[in-house]
Amino acid sequence: MGRRWLLTGCSSGLGHALASAAARAGDELAVTARKTADLEGLAAAWPGRIVPIPLELRDAASCEEAVRRAVDRLGGIDVLVNNAGIGLFGAVEEVSDAELRDQLETLVVGPWRLTRLVLPLMRAQGHGHVVNISSVVGRIAFPGMGAYVAGKHALEGMSQALAIEAAPHNIRVTVVEPGMFATRYGTSMAQARRRIPVYDVTNREMLEGARGLAENPGTGRPEDFAARVLDIVAAQGPTPLRIPVGDDAYGYLDLAEQADREEFAAARILAQGPPLPAPPAPPQA
């Protein structure tokens with residue numbers, strides 16, 4: 002029996018690839034985007050398996066209606082994938098309150114709201130899987146992406162708490178942390194309206210790299226991302242909470258973990274003083 006998915010952010014990129022892969026595997030999906038016209042190709046390619054639903058994550062009523070329609074059409078939800086997201090580029094000093102709120106509404110509040118709506122259904126049916134699509138920036142930071150980094154860190158923190166709370170109810174939680182994939186993320190990313198030129202020295206190269214993601218031959222393919230997520234959802238038994246996807250993701254996070262260990266050791270010395278020398282070895286008889 003196939004799984005029933007509610008998958009957000011399916012108009013293009015990783016969400017579009019994942020929806021196609023899950024439908025090809027025989028599952029049924031309620032897929033969302035702000036405009037259902039952007040989902041017509043998916044629905045036409047997989048008639049009977051893909052149900053397009055409009056969704057504005059920042060609107061509570063829209064979220065409630067999307068969940069209701071998904072349950073009406075599919076009969077339940079086995080897998081919720083919070084994938085929808087937007088990017089905002091700007092130094093911390095450049096990002097306004099309104100821009101920050103808009104970013105966090107999409108990256109944190111919307112997924113939290115959908116999860117809250119779906120959890121009672123999963124508890125009632127005795128199983129479920131919440132998959133939150135984060136990023137390598139859920140553990141590390143890049144210049145010019147402070148608002149996006151903050152959103153992904155918050156999403157991962159929520160997921161860590163949820164995993165503990167949901168486990169007794171047979172509900173699994175997974176955070177997927179993609180590296181760099183060839184999507185329109187970089188070209189669709191907004192820029193903070195305020196610009197302070199002194200930050201160009203740290204931020205310009207990052208912005209140029211993000212804009213070129215779709216054309217960079219070194220970035221991953223969305224189809225590979227989709228295949229890995231299907232493997233994660235199909236896995237039996239306990240799985241890691243946070244799963245990086247993409248070779249570059251493991252490279253970035255290996256370096257980040259090493260830097261974290263070094264920072265932790267330096268912080269301990271600063272706060273507690275250097276470790277005491279080991280006592281001398283007893284004399285040998």
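The sequence shown begins at 2 in this note's numbering and counts up by one. For every residue, glycine included, the Cβ atom is placed at its ideal position computed from N, Cα and C. Here the structure is a predicted model, which means the values were calculated and not measured.
Near residue i, what residues of its chain come up, given a Cβ to Cβ distance below 7 Å and the 5 sequence neighbours on each side ignored?
| i | result |
| --- | --- |
| glycine 86 | Gly10, Thr107 and Leu108 |
| alanine 23 | Trp6, Leu30 and Leu231 |
| arginine 196 | Glu95 |
| glycine 3 | Gly27, Asp28 and Glu29 |
| arginine 185 | Ser13, Gly14 and Ala215 |
| leucine 40 | Cys11, Ser12, Val32, Ala34 and Pro53 |
| leucine 118 | Cys64, Glu65 and Val68 |
| leucine 208 | Phe90 and Gly145 |
| glycine 219 | none |
If contacts are defined as beta-carbon pairs under 8 Å, then residue i and residue j qualify, I think. What distance do you get, rounded to the angstrom?
| i | j | result |
| --- | --- | --- |
| glycine 145 | alanine 99 | About 18 Å separates the two Cβ atoms, so there is no contact after all. |
| alanine 211 | glycine 187 | 4 Å |
| glutamate 178 | isoleucine 244 | 7 Å |
| phenylalanine 226 | leucine 15 | 5 Å |
| valine 224 | alanine 18 | Per the sequence shown, residue 224 should be read as glutamate rather than valine. Glutamate 224 to alanine 18, Cβ: 5 Å. Contact. |
| leucine 254 | glutamine 161 | Incorrect: roughly 16 Å between the Cβ atoms, too far for contact. |
| aspartate 79 | histidine 128 | 7 Å |
Between residue i and the rest of its own chain, which residues show a CB-CB distance below 6 Å, the 5 nearest in sequence each way excluded?
| i | result |
| --- | --- |
| threonine 37 | Pro53 and Pro55 |
| glutamine 104 | Leu89, Ala148 and Gly152 |
| isoleucine 1 | Outside the modelled stretch of the chain, which goes from 2 to 286, sits residue 1, for which no answer is possible. |
Take residue i as the anchor and find which of the options has the nearest alpha-carbon.
| i | options | result |
| --- | --- | --- |
| valine 138 | Asp28, Ser13, Gly274 and Ala257 | Ala257 |
| phenylalanine 182 | Val246, Gly3, Gly111 and Gln273 | Val246 |
| valine 234 | Met190, Ser189 and Thr175 | Thr175 |
| glutamine 126 | Gly76, Ser97, Ser136 and Glu166 | Gly76 |
Taking 8 Å as the limit between beta carbons, can you name the residues of its chain near residue i, skipping five residues before and five after?
| i | result |
| --- | --- |
| phenylalanine 143 | Val150 and Met207 |
Query raised in the report: Which runs of the beta strand (DSSP E) fall wholly inside the stretch 73-103 and span at least 3 residues, in chain order?
Result: 80-83
Requested in this report: Could you say if the stretch 191-206 and the stretch 170-181 meet the contact criterion of at least three C-beta pairs nearer than 8 Å?
Outcome: no
Query - Three CB pairs or more closer than 8 Å across the stretch 66-86 and the stretch 118-138 - result: Three or more Cβ pairs closer than 8 Å define a contact, and the stretch 66-86 meets that threshold against the stretch 118-138.
Query raised in the report: In chain order, which continuous runs of the beta strand (DSSP E) of length 3 or greater are located wholly inside the stretch 182-230?
Result: DSSP runs (the beta strand (DSSP E)) wholly in the stretch 182-230: none.
Query - 4-residue-minimum alpha helix (DSSP H) runs that sit fully inside the stretch 234-261, ordered along the chain - result: none
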